[in-house]
Structures are given as structure tokens and as C-alpha cells.
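Respectively, the protein sequence lines represent chains A and B.
For what it's worth, the numbering used here labels the leading residue of the first sequence as 5, then goes sequentially.
For what it's worth, the numbering used here labels the leading residue of the second sequence as 5, then goes sequentially.
Even for Gly, the Cβ is constructed at its ideal location relative to N, Cα and C.
2 protein chains.
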Amino acid sequence: MKFDKGLMAGSSTLLLLTLLESGDMYGYQMIEELSRRSNDAFQMQEGTLYPILHALEKEKYLSSYRQLAPSGRERKYYKLTRRGRELLADKRTEWEKFHRGVNDVLRGGADALA
Amino acid sequence: MKFDKGLMAGSSTLLLLTLLESGDMYGYQMIEELSRRSNDAFQMQEGTLYPILHALEKEKYLSSYRQLAPSGRERKYYKLTRRGRELLADKRTEWEKFHRGVNDVLRGGADALA
DNA sequence: AAAATATACCTTGAATCGCTAGGTATAGTA
DNA sequence: TACTATACCTAGCGATTCAAGGTATATTTT
């Protein structure tokens, strides 16, 4: 299909990077934020989230640091790197194209009446 | 993530069923039509297409028949069944939800300014 | 006429990705 | 004390895409 490999992954990554654009977050928080911002449309599973975060950090799209919460619990925060912001921009463009492509087809093709 | 399993597959199936809504088509033709209607955004591979068509037919979402082209070549046409139209409706709804969810997140969440 | 390309169908195998299902540990609540 | 919520993690399954191959016929080029 082109669009890199895997669209779901493309979307998951896009979504997570987007969250981090508005500030550093820890994994568990991202799941909640994603649900909230999507009006409960997305409930990402931990088994989906953590491997993606680890892969993104390994590729230097994210960096992480540990921080103690007021509660006393330790949390692992993730932060967008420069590279990460570039990836986010690419993923956004990719999503726009994909999204437009699907909608064009659903509307009956490029030459369909508006 | 919910949304059935796999979004790409969800999209591929949605796209193919949508094509067949406007008339019976054979596989090779679907690839061309998909490309045309999406303004060349989508170039589905044969290795992606045929297994999907076979699976959809097996599940009675599609039926097929062979027909000779004027050229003399034989083509295998696929036709939407009643079940297939229902599946299409479901997939469309699913896409709308997903698409809205992603855009909500990209715009900064449900409570972002319009 | 021969060779190359386009049409048209198909399958196998590698790679990728999400999810289920498990695990660990700590803080708060019943 | 036990249960739930928070917070992190991983292994393995299933599903899917694509590259790469195969077969065969029609058309175009050389």
C-alpha cells in the first residue's frame, strides 16, 4: 500500500508523538490522555504502547527520564527530541495524504461531483 | 486499539468494497480504479489484493463469476452480496469514527479551541 | 517472426504490528 | 487485610502487507 510500513503503527506513532508535543508525559498518562482527547475513541493497550515507546527511544525520536510523583511513585517521562519532531511532521503529512485518499475513494473518486 | 483488528486491513477492505458498490469489477481493474479514484495515492499490490478478495468471497461478502473480455481474455469479476453491503456499511462507520478520533487528537483534544 | 511488455490471475515467505495475557511492584481504599 | 488503581514491562499469537516469485494470454515493438 506504500506509506511506510503499517498504517496502524503509523497512526499509533503519530498519536503518541502528537501527545508529547504538548509536554512530556509518562506511559500510563498517555493512555489516559489519548482516550480523553479522542473522546474515548482510543483505548491504547499497554502491550501496544510500551514497545512503541521503547522503539522510538531506541531510534532517538524520544528521550526519557525518571521522576518521582508527589505520591512517591516513580514515573518514566518521555520527551520529544528534535528528530522526533521531524518524524512527527512526516507522520502528519502521511496521515493527511492517507486520509484524503480514503475519503476521495469513499466519495466515489476524484471526478465525483462535489 | 479496538476497531476490529488491523486498520490497514480495515481500510483495504473498506476501499475494495466501496469500489464494488459502483459495479462489478475484476481484480486487476480494482487496482487501477483504486489508484485513479485516490489520485494515485493508493497502489495496492496484487499480493495484498487477491488474498483479501478470496477471503471476502469465502465469507460470502462477495460472489464471483468468470467472463470473457472482448479481447478474448478471461476475467474474474467480483460482485457485492447483501452481506457485503452490510459489511461495507459497518466499515464505513468504523472509518468515520477512527478518522474523527485521529483528527480530534491531532487538533489537540476534545476541548481544544475550534 | 521474435521479443518484450501489458494484462490477469495466483501463492509463498519474511517482516511488521497490535493485542492478549501474563508478570512485577507500589499506593490508596474498603 | 484484601482489593483496586497506578505504573512499568515482555513473550507469543494472529493478522496483515509486501516482495518476489510463478503461470498464461494479448498486444506492441523490434
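Chain-ordered chain A contacts of residue i [CB-CB under 9 Å]
i     : result
B/D94 : Under the 9 Å cutoff, chain A gives no residues; its nearest Cβ is about 14 Å from B/D94.
B/A45 : K6, F7, K101, F102, R104, G105, V106, D108 and V109
B/L91 : Going along chain A, no residue has its Cβ under 9 Å from B/L91, so there is no contact; the nearest lies around 15 Å.
B/K97 : Sequence check: residue 97 of chain B is Thr here, not Lys. What B/T97 touches in chain A: nothing, since even the nearest Cβ is about 12 Å away.
B/L57 : Within 9 Å Cβ-Cβ: nothing; B/L57 doesn't reach chain A, min ~15 Å.
Alpha-carbon to alpha-carbon, residue j and residue i
i      : j      : result
A/T97  : B/M29  : 32 Å
A/R111 : A/R86  : 38 Å
B/E100 : A/Y82  : 30 Å
A/V106 : A/K62  : 32 Å
B/E25  : A/Y65  : 42 Å
A/E90  : B/S75  : 50 Å
A/S15  : B/G27  : 31 Å
B/Q47  : B/K80  : 20 Å
A/Q49  : B/R70  : 45 Å
A/N43  : A/E37  : 10 Å
B/I35  : B/A59  : 17 Å
A/S39  : A/H103 : 21 Å
B/G88  : B/G51  : 22 Å
B/D94  : A/K95  : 27 Å
A/L23  : B/L23  : 35 Å
Proximal chain B residues relative to residue i, where beta-carbon distance stays under 7 Å
i      : result
A/H103 : H103
Under 8 Å from the C-beta of residue i: neighbouring residues of chain B
i     : result
A/L66 : In chain order: nothing, as chain B lies at least about 17 Å away.
Among the options, nearest to residue i - alpha-carbon criterion
i     : options                        : result
A/L84 : A/S15, A/L57, A/Q49 and A/R41  : A/L57
B/T17 : B/E36, B/Y32, B/P55 and B/A45  : B/P55
B/A45 : B/S67, B/G51 and B/L19         : B/L19
B/L53 : B/H103, B/S68, B/Y32 and B/S67 : B/Y32
Contacts that residue i makes with chain A (C-beta to C-beta distance below 8 Å)
i     : result
B/R77 : Simply none; closest approach about 25 Å.
For residue i, the residue or residues it bridges with in DSSP
i     : result
A/Q33 : Per DSSP, none; premise fails for A/Q33.
A/L72 : A/E78
A/L66 : A/L84
Cβ-heavy atom distance, residue i to the ligand ATP, below 6 Å
i     : result
B/E63 : No copy of the ligand ATP appears in this structure; indeed no ligand is present at all.
Contact belief for residue i with residue j at Cβ below 8 Å, rounded distance in angstroms
i      : j     : result
B/L21  : B/L92 : 4 Å
B/D108 : A/R77 : Going by Cβ atoms, the distance from B/D108 to A/R77 rounds to 29 Å, so no, they are not a contact pair.
Where residue i meets chain A, residues with beta-carbon distance less than 7 Å
i     : result
B/L38 : V109
Chain-ordered chain B contacts of residue i [CB-CB under 9 Å]
i      : result
A/G112 : T22, E25, S26 and R41
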